[in-house]
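Quick notes on the structure that follows.
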Amino acid sequence: MATILITDRDSSERKKIKEYLSLSGHVVLERETAEETEEACRNTAIDLAVISVQNNDVSLLHLIKGIKARSSCPVIVMSSSDLESILILSYELGCDDYVKKPFSYREFCLRCSRILERRAEGRRNSRILLYANGKVKIALNKELRIASINDEKLHLTSTEYRVLLFLCEHCGETLSRETILRTCFDPNEGTSERIVDSHIKNIRAKTEEYCPDLIMTVRNSGYKFQAKLIS
Numbered sequence: 096m097a098t099i100l101i102t103d104r105d106s107s108e109r110k111k112i113k114e115y116l117s118l119s120g121h122v123v124l125e126r127e128t129a130e131e132t133e134e135a136c137r138n139t140a141i142d143l144a145v146i147s148v149q150n151n152d153v154s155l156l157h158l159i160k161g162i163k164a165r166s167s168c169p170v171i172v173m174s175s176s177d178l179e180s181i182l183i184l185s186y187e188l189g190c191d192d193y194v195k196k197p198f199s200y201r202e203f204c205l206r207c208s209r210i211l212e213r214r215a216e217g218r219r220n221s222r223i224l225l226y227a228n229g230k231v232k233i234a235l236n237k238e239l240r241i242a243s244i245n246d247e248k249l250h251l252t253s254t255e256y257r258v259l260l261f262l263c264e265h266c267g268e269t270l271s272r273e274t275i276l277r278t279c280f281d282p283n284e285g286t287s288e289r290i291v292d293s294h295i296k297n298i299r300a301k302t303e304e305y306c307p308d309l310i311m312t313v314r315n316s317g318y319k320f321q322a323k324l325i326s
């Protein structure tokens, strides 16, 4: 599931796209103006931005630079314009795809899915993972095995780091104690699920000063990392 932001002055077009994307399980935000879009991008972690541009209004295109400066969020530009200059400017400013209106909504959804899949693959191969919980930023450097919150290094043991990384890589999912134990601990140690609780407690002690709700206990189920992957 991804959070997709659609900016289009045509409300009926926004709602139609939202209808199709929602069927795939995505959260879809609708905005009409550049100002509304900028505010949404500042306050929400967006996985994909879709911007509709008309012949006589290319001001929305300049949103692309701001979006790209803040994150690795991909951008799709939609336009009914026949002007080649709109297409060229879109790519010069950094858009990831350009869709000419009118278009097939099913094809458009497939384009969105492909871009999101490529982004997810890039994240999996990335050395640094960045997450946000409100104004709190969490970073994990997989190469150096270092975790930090708001640029402050967390002094984690190697096992605590493995547990935190596993939770981060499955952010938003509820992970059972048995799953965490099987994945993050040496099976030859003969440890019980209670050791998972102990390590979660230690991680919380080192993170709660910055973000007390970062790791949530899901009763009778396990634990959930509550943050949004932003890069």
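In case it helps, my numbering puts the sequence shown at residues 96 to 326.
From the three backbone atoms N, C-alpha and C, an ideal C-beta is built for every residue, glycine too.
Note that this is a predicted model, so its numbers are computed, not measured.
Whole angstroms is fine: what's the gap from residue i's alpha carbon to residue j's?
{"i": "G150", "j": "S176", "result": "In the sequence under discussion, the amino acid at residue 150 is Asn, which differs from the Gly named in the question. Approximately 5 Å between the Cα atoms of the pair."}
{"i": "H121", "j": "G317", "result": "25 Å"}
{"i": "N138", "j": "P282", "result": "42 Å"}
{"i": "A227", "j": "A140", "result": "8 Å"}
{"i": "T128", "j": "G267", "result": "30 Å"}
{"i": "E303", "j": "I295", "result": "11 Å"}
{"i": "L260", "j": "I181", "result": "42 Å"}
{"i": "I223", "j": "G217", "result": "11 Å"}
{"i": "D142", "j": "L155", "result": "18 Å"}
According to DSSP, is residue i helix, strand or coil?
{"i": "E247", "result": "strand"}
{"i": "G217", "result": "helix"}
{"i": "S147", "result": "strand"}
{"i": "I138", "result": "The residue asked about is misnamed: residue 138 is Asn in this sequence, not Ile. Of the three classes helix, strand and coil, the one that applies to N138 here is helix, per DSSP."}
{"i": "I325", "result": "coil"}
{"i": "N236", "result": "strand"}
{"i": "F280", "result": "coil"}
{"i": "T252", "result": "coil"}
{"i": "L270", "result": "strand"}
{"i": "V170", "result": "strand"}
{"i": "D152", "result": "strand"}
So which of the options has the shortest CA-CA distance to residue i?
{"i": "Y200", "options": "F320, K111, R314", "result": "K111"}
{"i": "V258", "options": "I298, S106, A215, L156", "result": "I298"}
{"i": "E273", "options": "T286, C263, H265, G267", "result": "T286"}
{"i": "V145", "options": "R109, D152, E114, S154", "result": "R109"}
{"i": "T312", "options": "I325, Y305, V291", "result": "V291"}
{"i": "P307", "options": "A322, N315, S154", "result": "A322"}
{"i": "V148", "options": "K296, R206, S117, D105", "result": "D105"}
{"i": "A300", "options": "E288, E255, I275", "result": "E255"}
{"i": "A215", "options": "I101, F203, L324", "result": "L324"}
{"i": "R213", "options": "L276, L251, D192", "result": "D192"}
{"i": "L356", "options": "D142, I99, L116", "result": "As displayed, the chain neither begins before 96 nor continues past 326, which places residue 356 out of reach and without an answer."}
{"i": "C207", "options": "L116, L309, V153, Y305", "result": "L116"}
{"i": "R240", "options": "D246, K319, L251", "result": "L251"}
{"i": "N315", "options": "F280, R209, S271", "result": "S271"}
Any beta strand (DSSP E) of 3 or more consecutive residues that is wholly inside the segment 175 to 232: Whole beta strand (DSSP E) segments, 3+ residues: 192 to 195, 223 to 228.
Kindly confirm or deny that the segment 180 to 191 and the segment 157 to 166 touch, where touching means at least three C-beta pairs closer than 8 Å. yes
For the segment 116 to 135 against the segment 165 to 176, are there 3 or more C-beta pairs whose distance is under 8 Å? no
Whole alpha helix (DSSP H) elements within the segment 97 to 140, 4-residue minimum: 106 to 118, 129 to 138
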